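This is the structure we're talking about:
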């Protein structure tokens, strides 16, 4: 269990208010619901700015001929 709060909402992981926690490939942990909102605007980790997915791949999904 993480002792630090979620860096997006600053709420603890034990409260359960924002759902389950998710560990990113960069090892930072956030609430899953917080990440879903974050990823609507950014494709990077909120803390270290590691690119976590390619925006072009997501944006062009299903548009290949």
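Residue numbers (my numbering): 337 to 401. We put the beta carbon where it would ideally sit given N, CA and C, even for glycine. Nothing here was measured: the structure is a model prediction, and the numbers come from that model.
Residue pairing of residue 350 in beta bridges, as defined by DSSP: absent, with no partner found.
Residue range 368-374 is occupied by the alpha helix (DSSP H) that includes residue 373. Within the same chain, Cβ atoms closer than 6 Å to the Cβ of residue 383 are found at 343 and 364, the five residues on either side in sequence being excluded.
Distance between residue 377 and residue 348, taken at the CA atoms: about 23 Å. For residue 377, no beta strand (DSSP E) segment is defined, and its DSSP state is neither H nor E. Under the three-state reduction of DSSP output, residue 363 falls in the coil class, being neither helix nor strand.
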